[in-house]
Amino acid sequence: MHVEAFLALQNITKTFPGVVANDRVTLEVRPGEVHALLGENGAGKTTLMSVLYGIYQPDSGEIVLRGRPVRIRSPHDAIARGIGMVPQQFLLVRRHTVAENVALGLAGTPVLFPARHVQRRIEDLGQRYGLLVDPQAPVWSLSVSEQQRVEILKALMRGAEILILDEPTSVLTPQEALGLFAVLRRMKEEGHAVIFITHKLDEVMAVADRVTVLRKGRVVDTVPVARTDKRALARMMVGRDVEFRLPKAPATADGEALAVEDLWTRSDRGLLALRGVSFSVRRGEILGIAGVAGNGQREQVEVLTGLRRAERGRVRVLGRDVTNRSAREVFEAGAAHIPEERVRMGIVPRLSVAENLVLRQYRYPPFCRGPLLDPEAIFDFARRMIAEYDIVTPSARTPARALSGGNIQKLILARELSGEPGVVIAAHPTSGLDVSATEQIHALLLRRRQQGAGVLLVSEDLDEILALSDRIAVMFSGEIVGTVAAGEADRERLGLMMTGQRG
Amino acid sequence: MMRIGPLEVERRPDPPVTWVLGVSLLAILAAMAASGVIFWSHGVAPLRAYGVIIRGTLFNVRALPEVVRFAIPLLLAGVGLVLAFRALFWNIGAEGQILAGATAATWVALFSPVPDPLKLPAMFLAGFLGGAAWGFLPALLKLRLAVNEVISTLMMNYIALYLVSWLVHGPWKGPQMRGFAFTDEFPPAAQIPLLAGTRIHWVTLLLGILLAGAVAFMLARTRLGFEIRVQGESLDAARYAGIDPTRTTLLVMLFGGGAAGLAGVGEVGGIHHRLLDPNQISLGLGYAAIIVAWLARGSPLAAVLTALFLGVVFTSGDVMKVALQMPARVTDVFNGLILFWLIGSERALYYRVRWVPRREAPAPLPVPDAGAGSGGPGDGE
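Residue numbers (the working numbering), protein chains in the order written: chain A, 906 to 1408; chain B, 1152 to 1532.
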């Protein structure tokens, strides 16, 4: 059975100085299919799609659309040819309504009141594809998944026959992801082609018809999803067998590591972000905090690590009250912090790897003597950490920003864990990292737990929470709606709790 | 990456030193080209004008010491600004800090009971403190009340200006000056010694060079320097590391203001020997020091060179007046243009441009889809 390819990328090669991002990549997409593009970070997925969307020009190779070779010079060009993209970071004007956002830049809308003109069509398309959203609502009032629907609507309104979705589920709850998959199936039935970029195997199995696996810029294979399984895909993606569940010794929890009592705080906008949160983490256990982004997790981590003031409540680290103490005091009381904003907060991008490794301890011997730093001692320490934590860097003097995301995270873990803290507060420790780096980070967190630290793991990745945690607490709207033992937790139940239903 | 004809343009977060130098030089050349229009409109051929200026400054034994004379205050104020900019404090107030230093030194020279042998050291100390106070206030306003420092430091300049103006017209007006708005001349013990035959007050020069070295060392090798660098690169990371921005910012502005204050001491103690009309003391040196710091790209040692360069610009004012019969104020226009081009070229620092002529394109295939936009240069279907 041969179906005419709708779109074919043939032998696309794209190099950047020193890197071959795409090496003779060939990819065929048929009408009415969801085609997954699977690969680790840096495998070349985004580069390939940028070539297709006209952001980059390929060094060689060609794009064939409906049987004819074409050259796509710009995103504008791509849209004119029926290719739409839903980016990871939404490009929406937050103060404008949905209809205004859709009308913005849309050809054929009148100069005056363009939003009115598109309102009906938004509703029609919404009905047809299950993309329900109020065209009158301002974008800032929408949830992330609703904003994603607006991005998809934007693409459809511009006549997209091929829709590229870049890691679309990273911002969604499991239930919302299922909703998105239903939309994609509707689009498929209507004859659209969908290219679905992901590094999550479950999603490929759940929604895709065929999958093309990229590794180090090359196509490993294209296979029908019906004829493969997770294990085989993982092997293709990483190039070796992957352990889905790291071996984990039973918890040896005893004694309190971190305790939180009736914690209240406000967000930057002055709204209540935490409303009476209480929990405790024992030594030798990992407490996972699950929840959709924006339900108080960020503010909770900030209060616990001394970066935000608590309005009420207590925080104890290893028995010491550290409520509203500075970040430095909290760290010195024994609580390490692996921050959510890896590059913005976790490192100083232009400072060297060595200087970043002593960011917490530069003011203590042996790294300084009196007011003077001791470069010798700093570099010695850095070289030890680079070896011990397997940080891939040209040298200890390299600016930290030159490192890959995984190595930046290993640098942060090396710094935070080298002092053997009794409490580890890790926020989204593997978001955006590839499978190998994720494995390494997980192993480090588990080792710290094994050595008797209490770990608070905040993550939106349920698989990560399920794989690592001993107990799981779910946050919704600034409160903990319930805590379940890892053995009794499953995605279904956690997903319901993430929408606020008491567990 | 982007392609413009045969040029490939590409982002590069860590530009090499040669590129930074190249872009800075290009910015200066662009400013010279733009100022050429002014010469031309005065009926002076721009190339000839630059020839005259370069011969009149760099290749003139009488003019070279003048270059150094202007470089002294520019270096002192510039080093202070380098430090402030490294800590992301946008100090536009070196002008006022210079005047504050000059005023404090004048008080010591004319009205204090300090014995003669201690006059000069006391003047430098007072000047430093005066400038430091002028820098400290905006820092405090920013930290406590979130007042934008660009506005407050700029406004502080005017406060200093009118304060000096009031002093020389009023309470400090010299009885021996017969109606001129000057203070009396400083006693000999309060005059900074000059290198013979020049206006180079070498004590201040030495101070400037020492300070540049000290700041470079402080940034690279001390805890405080580390904290300033962390804060200057990422406020979030500084908060995370527990660095107190109040402490670093206040220290930076005390020091930066103090350094500019020393420049003021040099001007009144070494050149004028009196406090006079504020515009004749500072001559816009405090604003030009912003260019010194910006050209130095955060390096206190590089400020020694950039201060000399701006010294040439200041000296060229006299050359223009004498040799070309043009107003000396053209140098202000030139300074403005340099800063304009420097800041304008900032983005260019972080891009690499490469000459990559396109390989021979394959024979064009039939265009499948008309109306898909017209082909750019070198763009084959």
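Even for Gly, the Cβ is constructed at its ideal location relative to N, Cα and C.
Just so it is clear, the structure is predicted and the values come from calculations on it, not from any experiment.
Next item on the list: Kindly give me the distance between the Cβ atoms of Asn1308(B) and Gly1252(B), rounded to whole angstroms, as I take these residues to be in contact under 8 angstroms.
Entry: Between Asn1308(B) and Gly1252(B) a beta carbon distance of about 13 angstroms is seen, past the 8 angstroms cut, so the two are scored as non-contacting.
Check: When the cut-off is 7 angstroms and only beta carbons count, does Glu1384(B) lie next to chain A?
Finding: yes
Item checked: chain A contacts made by the region 1382-1415 of chain B, where a contact means CB separation under 7 angstroms -> Glu1384, Ser1385, Asp1387, Ala1388, Arg1390, Tyr1391, Ala1392 and Gly1393
Check: Any beta-carbon of chain A closer than 7 angstroms to the one on Thr1304(B)?
Finding: no
Item checked: Alpha-carbon to alpha-carbon, Arg1255(A) and Val1218(A) -> According to the sequence displayed, residue 1218(A) carries Gly and not Val. Their backbone Cα atoms lie some 38 angstroms apart in a straight line.
Margin query: Taking the beta carbon of Thr1355(B) as the centre, do at least 16 other beta carbons fall within 10 Å, making it buried, or is it exposed?
Written below: buried
Notebook entry, point to check: At a Cβ threshold of 7 angstroms, is Leu957(A) touching chain B?
Noted result: False, the Cβ-Cβ gap to chain B never drops below 7 angstroms.
Margin query: Classify Tyr1313(B): buried if its beta carbon has 16 or more other beta carbons within 10 angstroms, exposed otherwise.
Written below: exposed
Next item on the list: Return the CA-CA distance between Glu1336(B) and Arg1265(A), expressed in angstroms with no decimal places.
Entry: 55 angstroms
Check: Assuming Ala1238(A) and Val1222(A) make a contact with CB atoms under 8 angstroms, what is their CB distance in whole Å?
Finding: Rounded, the Cβ-Cβ distance is 4 angstroms, consistent with contact.
Next item on the list: List the whole-angstrom C-beta distance separating Gly1282(B) from Gly1409(B), where the pair is believed to meet the contact cut-off of C-beta under 8 angstroms.
Entry: 5 angstroms
Next item on the list: Under 8 angstroms between beta-carbons, which chain A residues line up against Leu1375(B)? List them in chain order, please.
Entry: For Leu1375(B), the C-beta contacts it makes with chain A under 8 angstroms involve Pro1276, in order along the chain.
Check: For Arg1171(A), which of helix, strand or coil comes out of DSSP?
Finding: strand
Checklist line | CB of Val1381(B) within 7 angstroms of CB of Val1253(A), strictly | finding: yes
Note to self: I'd like to know whether the C-beta of Phe1236(B) is nearer than 7 angstroms to at least one C-beta of chain A.
What the structure shows: no
Checklist line | C-beta neighbour in chain A for Ala1512(B), strict 7 angstroms | finding: With a pLDDT of 41 at Ala1512(B), under the threshold of 50, the modelled position of that residue is not reliable, and the figure given next carries that caveat. Ala1512(B) does not count as touching chain A.
Check: So which residues on chain E does Ile1313(A) lean against when the C-beta distance must stay under 9 angstroms?
Finding: Within the model displayed, chain E is absent; protein chains A and B are what it includes.
Next item on the list: Grab the span of the beta strand (DSSP E) containing Leu942(A) for me, first residue to last.
Entry: Val939 to Leu943
Next item on the list: Confirm, please, whether the CB-CB distance from Leu1234(B) to Gly1407(B) is below 7 angstroms.
Entry: yes
Next item on the list: Taking Trp1506(B) as part of the beta strand (DSSP E), name the residues at either end of that continuous run.
Entry: Tyr1502 to Trp1506
Margin query: Quick check: what's the CA-CA separation for Trp1191(B) versus Val1470(B)?
Written below: 17 angstroms
Notebook entry, point to check: Quick one, are the C-beta atoms of Ala1388(B) and Pro1224(B) less than 7 angstroms apart?
Noted result: no
Next item on the list: Could you check if Trp1506(B) is buried or exposed, using at least 16 other CB atoms within 10 Å of its CB as the buried criterion?
Entry: exposed
Notebook entry, point to check: What is the rounded straight-line gap between the Cα of Glu1511(B) and the Cα of Ser965(A)?
Noted result: Caution applies to Glu1511(B), whose pLDDT of 44 falls short of 50 and renders its modelled position unreliable; the value that the coordinates give is listed next. Distance between the alpha carbons of Glu1511(B) and Ser965(A): 12 angstroms.
Item checked: Proximity test, Cβ basis, 7 angstroms: Arg1220(B) and chain A -> no
Checklist line | Neighbouring residues, chain A, relative to Arg1372(B) (Cβ below 8 angstroms) | finding: From the beta-carbon of Arg1372(B), the residues of chain A found nearer than 8 angstroms are Leu1277, Leu1278 and Pro1280.
Next item on the list: For Glu1397(A), count neighbouring Cβ atoms within 10 angstroms of its own Cβ and tell me buried if that reaches 16, exposed if not.
Entry: Taking a 10 Å sphere around the C-beta of Glu1397(A), we find fewer than 16 other C-beta atoms and assign the residue as exposed.
Note to self: Pop quiz: Ala1008(A) and Ala1020(A) are said to be a contact at Cβ under 8 angstroms. What is the actual Cβ separation, rounded to whole angstroms?
What the structure shows: 5 angstroms
Note to self: Within 8 angstroms, do at least three Cβ pairs link the region 1294-1305 of chain A to the region 1315-1324 of chain A?
What the structure shows: yes
Item checked: CB-CB length for Leu1373(A) against His1347(A), believed under 8 angstroms -> 6 angstroms
Check: Given that Ala1232(A) touches chain B, what residues does it touch there, using C-beta distances under 7 angstroms?
Finding: Arg1390, Tyr1391 and Gly1393
Note to self: Let's see if you can read the secondary structure: which residues bound the alpha helix (DSSP H) around Met1092(A)?
What the structure shows: Met1092(A) -> alpha helix (DSSP H) spans Pro1079 to Glu1094.
Next item on the list: Just the chain A side, please: which residues come within less than 7 angstroms of Arg1380(B) by C-beta, in chain order?
Entry: For Arg1380(B), the chain A residues whose C-beta falls within less than 7 angstroms of its own C-beta are Leu1256, listed in chain order.
Next item on the list: Just confirm the distance between the C-beta atoms of Leu1426(B) and Leu1276(B), as a whole number of angstroms; I'd bet it's less than 8 angstroms.
Entry: Leu1426(B) to Leu1276(B), Cβ: 17 angstroms. No contact.
Notebook entry, point to check: Going along chain A in order, which residues have a C-beta closer than 9 angstroms to the C-beta of Asp1165(B)?
Noted result: Those are Arg1255, Pro1304, Arg1306 and Ala1307, listed as they occur along chain A.
Check: Buried or exposed: which applies to Leu1176(A), given that a residue is buried once 16 or more other Cβ atoms fall within 10 Å of its Cβ?
Finding: exposed
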